[in-house]
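Student: Let me begin by handing over the structure; questions about it come next.
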Amino acid sequence: MASNSDARTFGSDSYDNAFRDSVENRESFWLTAAAEIEWSVPPTVALDDSHAPIYRWFPDGILNTCVNALDRHVTAGHGDRLALIWDSAMVGEVRRYTYAELLDEVSRFAGVLGAAGVAVGDRVVIYLPMIPEAAIAMLACARIGAVHSVVFGGFAAPELAARIDDAEPVAIVTASGGLEPGRVVEYLPMVHNALELAAKPPTAVIVKDRDEVPGSAADHDGWLDWDDAIADAAPVAPVMVAATDPLYILYTSGTTGKPKGVVRDNGGHAVALAWSMPNIYDIHPGDVWWTASDVGWVVGHSYIVYGPLLTGATTIMYEGKPVGTPDAGAFWRVISEHRTKALFTAPTAIRAIRKADPDAALLAQYDVSSLEALFAAGERLDPDTFEWVGQILGIPVVDHWWQTETGWAIAANLRGLAPMPIKAGSPTVPVPGYRVGVVDAEGAVVAPGTEGNIVIELPLPPGTLAGLWQDDERYRSSYLTAFPGYYLTGDSGYVDADGYVFVLGRSDDVINVAGHRLSTGRIEAVVAAHPAVAECAVIGIHDDLKGQRPSGYVVLKSGAEIEPDTLRAELVAMVRNEIGAVASFRDVTAVPALPKTRSGKILRKTMRQIADHEDYTVPSTIEDPDVLAALARQLGG
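Numbered per the UniProt record's numbering, the sequence shown spans residues 1 to 637.
Here it is as structure tokens:
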């Protein structure tokens, strides 16, 4: 079996050697990486392929993830190093934890969980806002060998109940609520309703009261107050678990309506993230790292909590928005105040900043000279946004591509191993361990530059999903059966002659216009380059003659003044010039905002259903339902 990246030479000896070693000498490569982790029983075998296509990494290894994130740094004499900086733009507070302080908090909360009946292998649902207690609860679960499942704070009661019923947790850890610009989100009524809806509710509920939000544990019989419980708790020792034991379940939306519980193991997860921090991000012990995401998403799991702490770095947890808390200079303030070395954020955050402050006037108020690189993922980084933020910051802007299922980057520009020339629109090259291929509908590998289905040759590297929670059959059918021997990413794109990967969008965002397959991502890149456009989405809608046709939705930059007919004419001309008349691009609608998930992904499928006047369901992950409702009214849906 071959993939597009098998024999590629990328022009960097250090990268080529690492990639080749990860493929040809898989055992030695990953056992060497595993040596950076502290094991109670070091693994002697890297990969167990006896149950292929379901694989297990480091099957004979035994460890504890919390020990690797906290204890070992304290034992090594680094207890006074900053581990976590919580910066809340919502309450105007900054809280700092050293490694020793964070270890103490985690150890004592692990005692709280144990007293509440949580044991090795039990599940704990964490339903918290962006406060330090979220990271503390996650690490405390890892400490006692429990399996955490973080649910994004503010999810509706039915969605929370569905996750409770699937995971069957012993306990749920929550807070009185979260804070959004201009509003307070009360969690406890939703938790109460979810417990009533759930067929298998947990026996323990632990609540972190926040002064800014109404409600407390005292309002509910039998619920525990976080502060009271932890004040009386004694620190507990870590429990060693098998490398193949689950660390967490993270639910992602499924096409059947039932959420898919992505399972991450302990050993492969620790090894992969510890390898990624210095090699991909050039982050080392003591460096200050900021991932501007939420712990409810995989990015928050990997690179707010586990990755930086496994490395011994300082991680920033930010409660706020890129704009509106208080303005579009919020990110620059955080970087300046905490002397941040690198920022990881979603392109949608950068587009929001650009929309509000297109000339980056607020940047001049802050000293961001500590910032060496900006990493983007979660949504395609269009070339126009890439060029804008790179120009205003004067540093490398590094796109990279990965998924909830993979847990870390599939393709990246490895800043710590072998920085490469950046190509706008590309996340650069496959990360060692990932054999990326592009295949046609029949599964045949296509030529360089030819668009197709992006797949990854099995086995996937450590740190990727071990499966779906209690559903191996769904894991196989969702990811492994479409192209035997490959993991189906669900994305379309191509690999160019230099070996660079280009991800054009989800496979269902490839539209068929009069027999011509066109990527809406390519059209979006053209539309986004217009000087008046802050961000855009292009979807394929039904056309009686051509089957489908592209329809564009644009958000204008703050202060941009252009007549709708002029904008449409200019965009149509740009698409015709860059892609050709075959695109049949003629529909342009200016909208105040695009509907998105809380992680920044544009809800293209839902937009397409509205535009085609089909029935649709408001996704549970939506950030602002009012934006979707306004779009539906505008389109007559």
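Even glycine gets a Cβ: it sits at the ideal position worked out from N, Cα and C.
Might you give, ordered along the chain, the residues of its own chain that have their beta carbon closer than 6 Å to the beta carbon of residue 609, omitting 5 neighbours on each side?
Tutor: For residue 609, where only same-chain residues beyond five positions count, the Cβ hits under 6 Å are 616.
Student: Go through its chain and collect everything with a Cβ distance to residue 634's Cβ below 6 Å, but skip five positions before and after it.
Tutor: Excluding sequence neighbours, residue 634 sits near nothing in its chain.
Student: What span of residues does the beta strand (DSSP E) with residue 375 cover, start to end?
Tutor: Segment 373–376, the beta strand (DSSP E) holding residue 375.
Student: In the structure shown, what three-state DSSP assignment does residue 56 receive?
Tutor: Reduced to three states, the DSSP call for residue 56 is strand.
Student: Only counting the same chain, and skipping five residues up and downstream in sequence, which positions put a Cβ closer than 6 Å to that of residue 602?
Tutor: Correct list, in chain order: 537, 594 and 596.
Student: Grab me the residues of residue 296's own chain with a C-beta within less than 6 Å of its C-beta, minus the 5 sequence neighbours each way, in chain order.
Tutor: Taken in chain order, the residues that qualify are 150 and 152.
Student: How far does the beta strand (DSSP E) with residue 453 in it extend, from its first residue to its last?
Tutor: Taken as a continuous stretch (DSSP letters only), the beta strand (DSSP E) holding residue 453 covers 452–457.
Student: With DSSP run on the structure shown, which of helix, strand or coil describes residue 138?
Tutor: Residue 138: helix per DSSP, three-state reduction.
Student: Does the contact criterion of 3 or more C-beta pairs under 8 Å hold for the segment 364–374 versus the segment 335–350?
Tutor: Judged by Cβ distances under 8 Å, the segment 364–374 makes contact with the segment 335–350, as three or more pairs qualify.
Student: On a Cα-Cα basis, can you pick out the residue from 511, 166 and 133 that is closest to residue 522?
Tutor: Cα-wise, what sits closest to residue 522 is 511.
Student: First and last residue of the beta strand (DSSP E) that includes residue 487?
Tutor: Residue 487 -> beta strand (DSSP E) spans 486–495.
Student: Where do the ends of the alpha helix (DSSP H) carrying residue 338 lie?
Tutor: Per DSSP, residue 338 belongs to the alpha helix (DSSP H) from 330–338.
Student: Can you grab the Cα-Cα spacing for the pair residue 465 / residue 263, in whole Å?
Tutor: Each residue's alpha carbon lies about 6 Å from the other.
Student: Which of the three DSSP states is assigned to residue 51 in this structure?
Tutor: Coil.
Student: Among 215, 128, 115 and 134, which one has its Cα closest to the Cα of residue 170?
Tutor: Ranking 215, 128, 115 and 134 by Cα distance to residue 170 puts 115 first.
Student: To which residues does DSSP link residue 535 through a beta bridge?
Tutor: DSSP output for residue 535 lists 555 as bridge partner(s).
Student: Please report the residue range of the alpha helix (DSSP H) in which residue 260 lies.
Tutor: Per DSSP, residue 260 belongs to no alpha helix (DSSP H); it is in the beta strand (DSSP E), 260–265.
Student: Thinking C-beta only, is residue 172 closer than 8 Å to residue 148?
Tutor: Not in contact: residue 148 and residue 172 (Cβ atoms no closer than 8 Å).
Student: Is the number of C-beta pairs between the segment 103–119 and the segment 220–234 that are closer than 8 Å three or more?
Tutor: The segment 103–119 is in contact with the segment 220–234.
Student: So residue 319 packs on residue 130, CB below 8 Å; how close in whole Å?
Tutor: With a Cβ gap of about 4 Å, residue 319 and residue 130 count as contacting.
Student: Find the nearest neighbour of residue 164 within the set 229, 196 and 181, judged by alpha-carbon distance.
Tutor: With distances taken between Cα atoms, residue 164 lies closest to 196.
Student: If I follow the unbroken beta strand (DSSP E) through residue 203, where does it start and stop?
Tutor: No beta strand (DSSP E) contains residue 203, which DSSP labels as neither H nor E.
Student: Grab me the residues of residue 387's own chain with a C-beta within less than 8 Å of its C-beta, minus the 5 sequence neighbours each way, in chain order.
Tutor: Taken in chain order, the residues that qualify are 424.
Student: Return helix, strand or coil for residue 284, following the three-state DSSP convention.
Tutor: The answer is coil: DSSP assigns residue 284 none of H, G, I, E or B.
Student: Check residue 481 in the structure and name its three-state DSSP category.
Tutor: Correct three-state label for residue 481: coil.
Student: Per the contact definition of three or more C-beta pairs closer than 8 Å, is the segment 272–291 in contact with the segment 490–507?
Tutor: Short answer: they don't touch.
Student: With H, G and I counted as helix, E and B as strand and the rest as coil, what does DSSP make of residue 247?
Tutor: Residue 247: strand per DSSP, three-state reduction.
Student: Below 8 Å, can you find three or more Cβ-Cβ pairs linking the segment 446–463 to the segment 303–311?
Tutor: Counting Cβ pairs under 8 Å, fewer than three are found: no touch.
Student: Going by DSSP, name the residue or residues bridged to residue 177.
Tutor: DSSP output for residue 177 lists 186 as bridge partner(s).
Student: Determine the direct distance from the alpha carbon of residue 434 to that of residue 560, and round the result to whole angstroms.
Tutor: Each residue's Cα considered, the two are about 43 Å apart.
Student: Am I right that residue 554 and residue 588 are in contact with their C-beta atoms under 8 Å? What's the rounded C-beta distance?
Tutor: Indeed they touch by this definition, with Cβ atoms about 6 Å apart.
Student: Check for me: the beta strand (DSSP E) holding residue 90 runs from which residue to which?
Tutor: Note, residue 90: premise wrong, no beta strand (DSSP E); not H, not E.
Student: For residue 202 versus residue 143, is the C-beta distance shorter than 8 Å?
Tutor: Contact flag unset, no.
Student: Can you name, in chain order, every residue of its own chain whose Cβ lies under 6 Å from the Cβ of residue 481, other than the five neighbours on each side?
Tutor: Excluding residues within five positions, none has a Cβ falling inside 6 Å.
Student: What's the call for residue 124, buried or exposed, on a 16-neighbour Cβ count within 10 Å?
Tutor: Looking at its Cβ environment, which holds 16 or more other Cβ atoms inside 10 Å, residue 124 is buried.
Student: Could you give the DSSP three-state label for residue 16: helix, strand or coil?
Tutor: Helix at residue 16.
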